[in-house]
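Enquirer: In our numbering, the protein residues as written are 39 to 571.
Pasting in a structure now, in structure tokens, and then I'll have a few things to ask.
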Amino acid sequence: MSPTPRYLSFVPAVVAVILAALAIGAEIPEEHSRYSRDIRSALGYLHYDEFPLHAGWNIYLPRDEAEQLGLHRAFWRTVHYEEHPESQVRLKGGTNDAGRAWLLGRLFQVRGGPMPYLLFWIALLVAVPLLGWLNWELYTAGHAVAAAVLLPLLALSSYVTTTLSTSYSATGFYLIGILLLITVAVFCVLRRRLTINSWALRVIAAGGFFALCMMCRNGTLALMPGFVLAFWWATADEQLLASVRSTRWFRQCNRYGLLLLTLLLFAFPTILFRGYMKSVMHSAAAQFDLPTGPTTGHPVWHNVWCGLGDFDDTGVHVWDDLNAATAVVEAGGPDLRSIIRTSASKEYEVFIRKMFLDKITDRPAWFAEILLKRVAATVFQTKTLPHTMIGGRAMLVAKDDGGAIDSYYRLTAHGDVFEIGGRRIELSLLPFILATIALLVAGIRQRRAAVDAEAALFPQSCIVGCIAIGTIGVPVLITTAAGIETQAFCLVYFVAAAFGLEWCIWRYRAGRAVTDRPAQDDDPPNEEPASIM
39 MSPTPRYLSF VPAVVAVILA ALAIGAEIPE EHSRYSRDIR SALGYLHYDE
89 FPLHAGWNIY LPRDEAEQLG LHRAFWRTVH YEEHPESQVR LKGGTNDAGR
139 AWLLGRLFQV RGGPMPYLLF WIALLVAVPL LGWLNWELYT AGHAVAAAVL
189 LPLLALSSYV TTTLSTSYSA TGFYLIGILL LITVAVFCVL RRRLTINSWA
239 LRVIAAGGFF ALCMMCRNGT LALMPGFVLA FWWATADEQL LASVRSTRWF
289 RQCNRYGLLL LTLLLFAFPT ILFRGYMKSV MHSAAAQFDL PTGPTTGHPV
339 WHNVWCGLGD FDDTGVHVWD DLNAATAVVE AGGPDLRSII RTSASKEYEV
389 FIRKMFLDKI TDRPAWFAEI LLKRVAATVF QTKTLPHTMI GGRAMLVAKD
439 DGGAIDSYYR LTAHGDVFEI GGRRIELSLL PFILATIALL VAGIRQRRAA
489 VDAEAALFPQ SCIVGCIAIG TIGVPVLITT AAGIETQAFC LVYFVAAAFG
539 LEWCIWRYRA GRAVTDRPAQ DDDPPNEEPA SIM
């Protein structure tokens, strides 16, 4: 691609951050679902310097009072709170991802007081350096146009901004994990002439971001196949291999060895962070003589069992916590129906895992059909594909026994909604889907035809493939009923649209350059043929 002036290099990232900040500042809802959970843990960390302890006071402020204080946008401002006696302290339950509450508590300690609205902004604050990194990788790889399209497009997406700012769960960090996957795929596929130092620095930085996202939302782990594929692509770089072999310790390193070293380096921050979080939790339990039961993430098999309700045609499975707990009791398992919405146990997880494995072993064809339906629902976004102006509704309504599926899809704006000029506009995802398919097909065809590297779309299609393989994990292996993770596949469309538009602009400029090129001396003269008359 043609070079772009350096003074324009970080304009897309700056524009994206400004647009996202304006959108989040205007989108903080009247009611903050599950707001108090992370805030109370953060307050406990601030007051007792232990985690995860629940303080007894909720620092939620009414919207009108918050607007008078200017706290919606001034997320760094602190408020006064009352301290509570230790008798009111309790250990936080284990079903919520702990990382966001821990990060909030740390920032509360830095500022010396609670910041009531930091919860809505914290994911964007973490995403800011990542957006700058993605911008830089695209620019230095010669894809400044793609950066200028992709980053503002992400910020204009109401799905992206509402997911980053939702208080219901820490799914905003899952979205940050996808942004990290895009960044890693870009520097793995498009960058060449990497040395061992630049490679190690990138992998360690990516591992740090991944560790934070993992602790805030453990579903981020499902993105790993995309990271592995991207790293595998990068290990084919002969110059990188030569740089690794030039060191004293890795002189015999081959491609497989480099991939293994990369994965170990990438996973190291996550291992450290998880160990630290467990030690912090056990320290709190020991100091306050509380039972040691909290975990750092959601129970996996409980969600897998509930998730079968997205396409189950038997009426047994429903996307509802209480329904799963009741099924476990009826099967002779532990009775956690009174606390299943806030807690789970290892015994419960083991029992419901056995129930799930027995079910799919007895009915493999039924489970395979569900998996295929999930793939189609994720890739083509069938739940939100309807358009209000065409069909009168923005999404397909779940069946009567579908549980809370529709309510989960209403937690954030849909993937086809964009905020332009302060107004939300519902666009169709169909052009994005078609652009993605066209990019992948063109990339594969050009690869087979050995098209010139500068004009080829194969590297861009590989990036899109890495992102697609990573983001399809949660909706296919767990469920499409959760809504937010399923709609995250829209980011695949956005990346494909950015690269596709950039390629079209390049072809247009190349065609104009050929048309406007003056005739050279070596060109044959443009003469009229001689008349035979």
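Even for Gly, the Cβ is constructed at its ideal location relative to N, Cα and C.
Computed from a predicted model, the values in this text were never measured in an experiment.
Could you tell me the distance, in whole angstroms, from the CA atom of Ser281 to the CA atom of Ile234?
Expert: Counting from one through the sequence shown, the residue named residue 281 turns up at place 243. Counting from one through the sequence shown, the residue named residue 234 turns up at place 196. The straight-line gap from Cα to Cα measures roughly 6 angstroms.
Enquirer: Just the Cα atoms here: how many angstroms apart are Gly460 and Thr352?
Expert: By one-based count along the sequence shown, residue 460 stands at place 422. By one-based count along the sequence shown, residue 352 stands at place 314. Near 45 angstroms, if we compare the C-alpha coordinates of Thr352 and Gly460.
Enquirer: In this structure, how does DSSP classify Ser195 when only helix, strand and coil are distinguished?
Expert: Position 157 of the sequence shown, counted from the start, is the residue given in the question as residue 195. It is a strand residue.
Enquirer: Counting only the same chain and skipping the five closest in sequence on each side, list residues whose C-beta sits under 7 angstroms from that of Glu157.
Expert: Indexing the sequence shown from 1 puts residue 157 at position 119. For the sequence presented, residue 157 should be read as Leu rather than Glu. For Leu157, where only same-chain residues beyond five positions count, the Cβ hits under 7 angstroms are Tyr73, Asp76, Ile77, Leu142, Ser205.
Enquirer: Take every Cβ of the region 188-208, pair it with every Cβ of the region 56-71, and state whether three or more of those distances are shorter than 8 angstroms.
Expert: Yes, they touch.
Enquirer: Assuming Phe456 is part of the beta strand (DSSP E), what are its boundary residues?
Expert: What you label residue 456 is simply residue 418 of the sequence shown in a count that begins at 1. From DSSP, the beta strand (DSSP E) with Phe456 extends over 455-458.
Enquirer: In chain order, what residues of the same chain have a beta carbon less than 6 angstroms from the beta carbon of Glu540, not counting five sequence neighbours either side?
Expert: Within the sequence shown, the letter at position 502 stands for residue 540. Val183, Ala184.
Enquirer: Expressed to the nearest angstrom, what Euclidean distance is found between the alpha-carbon atoms of Leu409 and Val512?
Expert: Reading the sequence shown from its first residue, position 371 is the one you call residue 409. Reading the sequence shown from its first residue, position 474 is the one you call residue 512. Their Cα atoms are separated by approximately 11 angstroms.
Enquirer: Which of the three DSSP states, helix, strand or coil, is assigned to Leu296?
Expert: Within the sequence shown, the letter at position 258 stands for residue 296. Of the three classes helix, strand and coil, the one that applies to Leu296 here is helix, per DSSP.
Enquirer: With a Cβ-Cβ cutoff of 8 angstroms, do Leu468 and Ala480 count as a contact?
Expert: Within the sequence shown, residue 468 is the residue found at index 430, counting from 1. Within the sequence shown, residue 480 is the residue found at index 442, counting from 1. It is not a contact, given that the beta carbons lie outside the stated cut-off.
Enquirer: Using the Cβ count rule (16 or more neighbours within 10 Å means buried), how would you classify Gln498?
Expert: Stepping through the sequence shown from its first residue, residue 498 is reached at position 460. Its Cβ being crowded by 16 or more others within 10 Å, Gln498 is buried.
Enquirer: Between the C-alpha atoms of Phe394 and Ala369, what's the straight-line distance to the nearest angstrom?
Expert: Taking the first residue of the sequence shown as 1, we reach residue 394 at position 356. Taking the first residue of the sequence shown as 1, we reach residue 369 at position 331. Answer to the nearest angstrom: the Cα atoms are 12 angstroms apart.
Enquirer: Does the CB of Trp171 have a neighbour CB from chain C at under 8 angstroms?
Expert: The question asks about chain C, but that chain is absent: this structure has only one protein chain.
Enquirer: Helix, strand or coil for Glu65, going by three-state DSSP, please let me know.
Expert: As a first step, residue 65 is located in the sequence shown; it is residue number 27 there, counting from the start. Helix.
Enquirer: So Ala58 and Leu162 are in contact, right, with Cβ under 8 angstroms, and what is the actual spacing, rounded?
Expert: For the purposes of this step, residue 58 is taken as residue 20 along the sequence shown, with counting starting at 1. For the purposes of this step, residue 162 is taken as residue 124 along the sequence shown, with counting starting at 1. Confirmed, Cβ separation roughly 6 angstroms.
Enquirer: With a threshold of 16 other CB atoms inside 10 Å of the CB of Ile56, please say whether the residue is buried or exposed.
Expert: The residue labelled residue 56 in the question sits at position 18 within the sequence shown. It counts as exposed.
Enquirer: Quick one: residues in its chain with C-beta nearer than 8 angstroms to the C-beta of Thr221, no 5 flanking neighbours on either side, listed in chain order?
Expert: For this step, residue 221 is matched to residue 183 along the sequence shown. For Thr221, where only same-chain residues beyond five positions count, the Cβ hits under 8 angstroms are Leu168, Trp171, Leu172, Glu175, Ala244.
Enquirer: If Pro337 and Glu387 are in contact, beta carbons under 8 angstroms, what's the gap, nearest whole angstrom?
Expert: Within the sequence shown, residue 337 is the residue found at index 299, counting from 1. Within the sequence shown, residue 387 is the residue found at index 349, counting from 1. Yes, they are in contact, since the Cβ atoms of Pro337 and Glu387 sit about 5 angstroms apart, within 8 angstroms.
Enquirer: Taking buried to mean at least 16 other C-beta atoms within 10 Å of its own C-beta, is Thr553 buried or exposed?
Expert: The sequence position of residue 553 within the sequence shown is 515, counting from 1. Per the 10 Å Cβ criterion, exposed.
Enquirer: Taking Cβ to Cβ, would you say Leu213 is nearer than 8 angstroms to Val198?
Expert: Position 175 of the sequence shown, counting from 1, holds the residue named residue 213. Position 160 of the sequence shown, counting from 1, holds the residue named residue 198. Contact flag set, yes.
Enquirer: Closest by CA to Leu477, which one among Thr518, Val455, Cys542?
Expert: As a first step, residue 477 is located in the sequence shown; it is residue number 439 there, counting from the start. The option with the nearest alpha carbon to Leu477 is Cys542.
Enquirer: Could you pull out every residue in the same chain whose Cβ sits closer than 8 angstroms to the Cβ of Val49, ignoring the five residues on either side in sequence?
Expert: The residue you call residue 49 lines up with position 11 of the sequence shown. The answer, listed in chain order, is Ala186.
Enquirer: Tell me whether the beta-carbon of Val241 lies closer than 8 angstroms to the beta-carbon of Leu303.
Expert: Looking up residue 241 in the sequence shown gives position 203. Looking up residue 303 in the sequence shown gives position 265. In this structure, Leu303 lies closer than 8 angstroms to Val241 by Cβ.
Enquirer: Going by C-alpha to C-alpha distance, which of Ala223, Met319, Ile443, Asp454 sits closest to Gly345?
Expert: Here residue 345 is taken as the residue at index 307 of the sequence shown, counted from 1. Of the candidates Ala223, Met319, Ile443, Asp454, the one whose C-alpha sits nearest the C-alpha of Gly345 is Ile443.
Enquirer: Alpha carbon to alpha carbon, how far is Ser321 from Leu217? Give it in angstroms, no decimals.
Expert: Stepping through the sequence shown from its first residue, residue 217 is reached at position 179. Stepping through the sequence shown from its first residue, residue 321 is reached at position 283. Those two C-alpha atoms are separated by around 34 angstroms.
Enquirer: Quick one, which of Asp135, Arg115, Gly508, His452 has its alpha-carbon nearest Met319's?
Expert: Numbered from 1 along the sequence shown, position 281 holds the residue referred to as residue 319. When each option's Cα is compared against that of Met319, the closest is Asp135.
Enquirer: Kindly examine the ligand PLP and report whether one of its heavy atoms sits closer than 7 angstroms to the Cβ of Asn361.
Expert: The ligand PLP is absent from the structure shown, which contains no ligand whatsoever.
Enquirer: Which residues share a DSSP beta bridge with Glu464?
Expert: Along the sequence shown, one-based indexing puts residue 464 at 426. Glu464 pairs with Val455.
Enquirer: Expressed to the nearest angstrom, what Euclidean distance is found between the alpha-carbon atoms of Arg111 and Tyr155?
Expert: What you label residue 111 is simply residue 73 of the sequence shown in a count that begins at 1. What you label residue 155 is simply residue 117 of the sequence shown in a count that begins at 1. Spanning the two alpha carbons is a distance of roughly 8 angstroms.
Enquirer: State the DSSP-derived secondary structure class of Pro152, mapped to helix, strand or coil.
Expert: Looking up residue 152 in the sequence shown gives position 114. If DSSP states are grouped into helix, strand and coil, Pro152 belongs with coil.
Enquirer: Which residue's Cα is closest to the Cα of Leu194: Phe532, Ala519, Gly313?
Expert: Indexing the sequence shown from 1 puts residue 194 at position 156. Among Phe532, Ala519, Gly313, the Cα nearest to that of Leu194 belongs to Phe532.
Enquirer: Within 10 Å of its beta-carbon, does Asp402 have 16 or more other beta-carbons around it, so buried, or fewer, so exposed?
Expert: To locate residue 402, count along the sequence shown from 1; it is residue 364. Before going on, a small fix: residue 402 reads as Pro here, not Asp. With fewer than 16 Cβ atoms within 10 Å of its Cβ, Pro402 is classed as exposed.
Enquirer: For the alpha helix (DSSP H) holding Ala280, just list the boundary residues, first then last.
Expert: For the purposes of this step, residue 280 is taken as residue 242 along the sequence shown, with counting starting at 1. From DSSP, the alpha helix (DSSP H) with Ala280 extends over 276-283.
Enquirer: Are the beta-carbon atoms belonging to Thr422 and Gly453 less than 8 angstroms from one another?
Expert: Against the sequence shown, residue 422 aligns to sequence position 384. Against the sequence shown, residue 453 aligns to sequence position 415. Their beta carbons are under 8 angstroms apart, which means Thr422 touches Gly453 by this criterion.
Enquirer: Could you compute how far the alpha carbon of Thr380 sits from the alpha carbon of Leu374?
Expert: Taking the sequence shown and counting its residues from 1, the one referred to as residue 380 is at position 342. Taking the sequence shown and counting its residues from 1, the one referred to as residue 374 is at position 336. Its pLDDT being 46, under 50, Thr380 is placed unreliably by the model, and the measurement read from it follows with that caveat. Whole-angstrom Cα-Cα distance: 10 angstroms.
Enquirer: Determine the DSSP secondary structure at Thr524, reduced to helix, strand or coil.
Expert: Residue numbering aside, residue 524 sits at position 486 when the sequence shown is read from its first letter. Here Thr524 sits in helix by DSSP.
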